[in-house]
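Let me begin by presenting the structure, written as structure tokens, before commenting on it.
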Amino acid sequence: PSQVVPGADPSARQLCFAWGPAEVLVCETLFSRRGGSPSPGEAGPGRALLPGVLTGCLAGTGEGGPSSSRLFVVRKDQDIYIQTLRKLFNESHGIFIGLQRSEEELAGKSRKAQLVQVSKNYRSVIRACMEDMHQAAISARDPALHSQYSTQVSILSAMELIWNLCEILFVEAAAAGPLLLRLLDWVRLHVCDVDNMVREVLSSENPSKHELFWNVVDVFVLQGRMDEARHLLSKEASANPTSVNMYKILDDLMKKMPVPSLGNTQTLTEMELKWQHWHEECQRYLQDGTFASNSHMESICKILLGDEDAILEKKEIMTTWYHFLVTRLLYSHPTVKPMELRFYAQACMDLFLGGESSPEPLDTILMAAFEFEMHQVIKECSIALSNWWFVAHLTDLLDHCKLLQSHNLYFGSNMREFLLLEYASGLFSHHSLWQLGVDYFDHCPEYGRVYLELHIERIPLNTEQKALKVLRICEQRQMHEQVRSICKIMAMKALRNNRLGSALSWSIRAKDAAFATLISDRFLKDYCERGCFSDLDLIDNLGPSMLLSDRLTFLGKYREFHRLYGEKRFSEAAKLLLMLMTAHIAPCSFWMTLLTDALPLLEQKEVIFSAEQTYELMRCLEDLTAGKSDKQKFQDDDVETMKVEMLRLALARNLARVIVKEGTLEGS
14 PSQVVPGADP SARQLCFAWG PAEVLVCETL FSRRGGSPSP GEAGPGRALL
64 PGVLTGCLAG TGEGGPSSSR LFVVRKDQDI YIQTLRKLFN ESHGIFIGLQ
114 RSEEELAGKS RKAQLVQVSK NYRSVIRACM EDMHQAAISA RDPALHSQYS
164 TQVSILSAME LIWNLCEILF VEAAAAGPLL LRLLDWVRLH VCDVDNMVRE
214 VLSSENPSKH ELFWNVVDVF VLQGRMDEAR HLLSKEASAN PTSVNMYKIL
264 DDLMKKMPVP SLGNTQTLTE MELKWQHWHE ECQRYLQDGT FASNSHMESI
314 CKILLGDEDA ILEKKEIMTT WYHFLVTRLL YSHPTVKPME LRFYAQACMD
364 LFLGGESSPE PLDTILMAAF EFEMHQVIKE CSIALSNWWF VAHLTDLLDH
414 CKLLQSHNLY FGSNMREFLL LEYASGLFSH HSLWQLGVDY FDHCPEYGRV
464 YLELHIERIP LNTEQKALKV LRICEQRQMH EQVRSICKIM AMKALRNNRL
514 GSALSWSIRA KDAAFATLIS DRFLKDYCER GCFSDLDLID NLGPSMLLSD
564 RLTFLGKYRE FHRLYGEKRF SEAAKLLLML MTAHIAPCSF WMTLLTDALP
614 LLEQKEVIFS AEQTYELMRC LEDLTAGKSD KQKFQDDDVE TMKVEMLRLA
664 LARNLARVIV KEGTLEGS
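Counting with the working numbering, you get residues 14 to 681 for the letters of the sequence shown.
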């Protein structure tokens with residue numbers, strides 16, 4: 014179906030668009046429809062149609078001058094943004110994971126009971142979510158919001174109705190006999206309009222005189238709730254002594270009505286025989302005119318006999334054709350077999366609708382279920398429902414029941430995996446639900462990892478906490494390329510914000526030597542400008558990580574020199590400083606800084622540098638000054654020249670002191 018994008022006007026301007034994983038970006042161009050030239054005026058009000066997009070969402074509108082254009086984000090799966098549906102997605106995720114981890118070795122009745130329980134758990138989540146949505150609709154003051162919530166309640170109700178029927182027919186696979194009891198429970202649970210009517214009648218002073226009294230009795234009979242119907246009829250007998258005899262006979266018929274048992278207490282043949290005798294007894298009373306003086310009781314007797322016309326007269330009370338189907342089966346074919354359902358279902362739908370209205374999508378889905386066309390059920394649900402949650406989880410459950418093993422799609426993946434991939438892809442467009450999508454991809458053996466790699470790269474890394482969460486997911490799954498990509502992105506963000514410590518930490522985690530070198534240079538540059546290091550904790554604890562690049566090694570060792578100097582371990586500091594220069598670990602641009610750092614050591618009272626070490630420092634100083642061109646020397650300021658002269662003087666004095674000291678030691 015086509016979806017209207019509010020505010021866009023394709024008749025005035027040409028539109029361009031780009032597809033995303035779960036969204037479409039639509040924007041107005043500056044080209045008009047008339048001649049392809051830039052439009053001089055602002056786009057007028059109108060509507061754009063996007064075929065195939067299920068749900069449209071106006072994400073942003075840019076108001077501007079005559080040449081402004083507007084951007085729209087059209088989301089394919091809008092349901093994941095509804096706050097009250099979060100419970101559905103979150104709690105069903107736990108059920109899904111539990112099912113994947115369950116003991117596959119369980120066989121026979123144990124495995125079936127386990128799968129039925131899983132199905133009931135899914136239904137309980139749908140119902141809880143529906144109740145929350147109903148409360149939200151009641152408390153909503155905005156009419157539009159109330160309408161939205163009410164629509165969602167209807168959708169969730171339909172989802173539970175379909176799921177429950179699939180549970181009975183496919184998961185539990187109820188046999189003839191118990192099948193009818195399950196269908197009765199199904200109708201009683203989902204056709205609940207009668208509950209308000211029952212409360213109204215029972216709360217009145219004289220229930221038997223209430224205008225809806227017989228409607229309530231009829232509903233109880235139509236749903237096979239015999240005990241409740243008999244209880245109400247007893248009130249009628251008490252209020253009208255003339256009808257006592259009729260009541261006793263009808264009460265006896267209702268009491269004796271045979272029903273299938275859930276256990277193996279009776280065979281189908283015994284059940285059919287009992288039912289036939291009871292049916293004949295009902296027929297006899299009706300033909301004798303026992304209930305002729307009371308049209309209501311006579312109508313009930315006809316319903317007990319399965320009279321089609323009598324049941325159809327209660328069409329307005331039943332409200333749905335599937336209620337009519339179950340009532341008809343109860344009083345005409347109580348031992349119906351599963352594969353016979355399709356014939357009765359089609360006949361009942363035709364009779365109930367009577368050509369007055371065409372089947373709704375819900376009718377089509379239920380009919381496909383009664384026909385045991387589970388693939389058709391999944392297909393119709395995919396078309397009718399506004400998100401992939403229902404079909405993804407139902408298909409997964411049916412696959413665990415070994416009911417979809419033979420059905421593969423022509424493009425490679427099986428139906429279960431295809432639907433789970435679609436559902437998980439939708440979750441990844443949400444700012445927090447994407448975490449659930451990861452587990453769904455994990456349980457898609459063929460394409461799950463590929464999808465996860467593609468989607469996880471598109472997650473916006475707004476905070477370091479979120480980035481660490483994504484990183485942990487990637488590391489757990491050995492997604493090394495994605496780990497490097499995330500670390501590089503976060504390192505670049507930190508560098509742009511001048512957070513050098515964070516940037517260095519991310520680059521080390523990414524094992525990116527080039528980027529670590531760049532950040533190390535920034536640290537050294539900052540040190541030259543400010544005279545101190547930032548993020549000392551990080552630099553002091555680099556450990557083996559400093560070997561990632563030469564510059565990072567130098568940064569770590571240079572910081573170690575400062576630490577040794579601060580601890581007054583001058584000899585060790587001097588050796589380390591000399592090693593940094595002679596081993597060519599230090600960049601040449603930093604040599605002057607290192608030589609300047611040597612000055613306090615040269616001026617110490619105690620001689621620290623040996624003669625050989627002093628000669629090495631002299632050579633480094635001469636190499637540094639000799640490497641500069643005349644033009645560079647001319648441009649050097651007085652401070653730089655003064656530093657060189659001070660270093661030469663300090664080195665000469667230190668050399669003299671060393672020679673004297675070493676000569677004295679030799680002489681002694």
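Even for Gly, the Cβ is constructed at its ideal location relative to N, Cα and C.
Report the rounded CA-to-CA distance for P79 versus L398, giving the unit in angstroms. With a pLDDT of only 45 at P79, under the threshold of 50, the placement of this residue in the model should not be trusted; the figure read from the coordinates follows. About 41 Å.
Starting from the C-beta of S221, find all residues in its chain whose C-beta is less than 6 Å away, skip the five residues before and the five after it, and write them out in chain order. So the list reads K248, E249, A252, once near-sequence residues are dropped.
CB D409 to CB L432, shorter than 9 Å? The Cβ atoms of D409 and L432 lie closer than 9 Å to each other.
According to the neighbour-count rule (16 or more other Cβ atoms, all chains shown, within 10 Å of its Cβ), is E224 buried or exposed? Counting Cβ neighbours within 10 Å, E224 comes out exposed, since fewer than 16 surround it.
Below 7 Å CB to CB, which residues in the same chain sit around Y460 once its five sequence neighbours on both sides are set aside? Exclusion of the five residues before and after Y460 leaves S426, E430, L434 as the residues of its chain whose Cβ lies within less than 7 Å of its Cβ.
What's the call for I396, buried or exposed, on a 16-neighbour Cβ count within 10 Å? Label assigned to I396: exposed.
Less than 9 Å separating the beta-carbons of Y135 and H406? Inclusion of Y135 and H406 in the CB contact set at 9 Å is warranted, their separation being smaller than that value.
According to DSSP, is N427 part of a helix, a strand, or is it coil? Assignment of N427 by DSSP, reduced to helix, strand and coil, places it in the strand class.
Here's the rule: buried if 16 or more other CB atoms are within 10 angstroms of the residue's CB, otherwise exposed. What is G290? Residue identity check: residue 290 is His in the sequence provided, not Gly. By the C-beta density criterion, H290 is exposed, having fewer than 16 other C-beta atoms within 10 angstroms.
If we ignore side chains and look at the alpha-carbon of each, how far apart do A516 and R485 end up? Cα-Cα distance, rounded: 18 Å.
Helix or strand or just coil, what does DSSP make of F454? Shown here, F454 sits in a helix according to DSSP, grouped into three states.
Kindly confirm or deny that the region 486-502 and the region 530-539 touch, where touching means at least three C-beta pairs closer than 8 Å. By the criterion of at least three beta-carbon pairs nearer than 8 Å, the region 486-502 is not in contact with the region 530-539.
Just curious, the alpha helix (DSSP H) that H692 is in, first and last residue? With the chain covering only 14 through 681, there is no way to say anything about residue 692.
Looking at the unbroken alpha helix (DSSP H) that takes in M503, where does it start and where does it end? The continuous alpha helix (DSSP H) containing M503 extends over residues 493-509.
In the region 121-168, which residue ranges form an unbroken alpha helix (DSSP H) of at least 4 residues, counting only runs that do not cross its ends? With a minimum length of 4 residues, the continuous alpha helix (DSSP H) runs that stay inside the region 121-168 are 121-152.
L112 at chain B interface by Cβ criterion, 9 Å: The displayed structure is made up of one protein chain only, and chain B is not part of it.
Of the residues I175, M284, E619, W604, which one's Cα is nearest the Cα of L660? Ranking the options by Cα distance to L660, first place goes to W604.
Using only CA atoms, which one of C179, R512, D610, M559 lies nearest to D525? D525 has its Cα closest to that of M559, out of C179, R512, D610, M559.
Between the Cα of C394 and those of T377, L43, E384, spot the shortest distance and give me the residue it belongs to. Minimum Cα distance to C394 is reached at T377.
Could you check where the alpha helix (DSSP H) with N209 kicks off and where it finishes? Residues 207-215.
What residue range does the alpha helix (DSSP H) around W291 cover? From DSSP, the alpha helix (DSSP H) with W291 extends over 281-300.
Classify L693 as helix, strand or coil using the three-state DSSP reduction. Residue coverage of the chain in this structure runs from 14 to 681, which leaves residue 693 outside it and unanswerable.
To the nearest angstrom, how far is the alpha carbon of L555 from that of E573? One C-alpha to the other measures close to 11 Å.
M387 and L354 look like a contact to me (Cβ under 8 Å); what is the Cβ gap, rounded to whole Å? So it is not a contact: roughly 14 Å between Cβ atoms.
If I follow the unbroken alpha helix (DSSP H) through V272, where does it start and stop? Here V272 belongs to no alpha helix (DSSP H), and DSSP marks it neither H nor E.
What residue range is occupied by the uninterrupted alpha helix (DSSP H) comprising Q96? Element bounds for Q96: n/a, residue is neither H nor E.
Would you give the residue range spanned by the alpha helix (DSSP H) that M605 belongs to? For M605, the uninterrupted alpha helix (DSSP H) run begins and ends at 604-615, by DSSP.
For K248, the first and last residue of its enclosing alpha helix (DSSP H): If you look at K248, you'll find it in the alpha helix (DSSP H) that goes 239-252.
Fully enclosed by the region 367-414, which alpha helix (DSSP H) runs are 4 residues long or longer? Whole alpha helix (DSSP H) segments, 4+ residues: 374-383, 387-397, 402-413.
So, at 8 Å on beta carbons, what are the nonlocal neighbours of E180 in its own chain, with the 5 sequence-adjacent residues on each side left out? Sequence-distant Cβ neighbours of E180 in its own chain, meaning closer than 8 Å and more than five residues away, are V129, S132, K133, R136.
Take R543 as the anchor and find which of E619, E294, T606 has the nearest alpha-carbon. Closest by C-alpha distance to R543, out of E619, E294, T606, is T606.
Under the three-state DSSP convention, the category R26 falls into: Strand.
Whose C-beta lies closer than 8 Å to the C-beta of T530 among residues of the same chain, with five residues either side of it excluded? If we look at T530 and ignore the five residues flanking it on each side, its Cβ neighbours are S562, D563, R564, L565.
Considering only DSSP beta bridges, list what L474 is partnered with. Residue pairing from DSSP leaves L474 without any beta-bridge partner.
Could you pull the start and end residues of the alpha helix (DSSP H) that T340 belongs to? 334-345 is the span of the alpha helix (DSSP H), which, as asked, contains T340.
Quick one: measure Cβ to Cβ for T627 and L664, integer angstroms, because I've assumed they're closer than 8 Å. That belief holds up - the Cβ atoms of T627 and L664 are roughly 6 Å apart, short of 8 Å.
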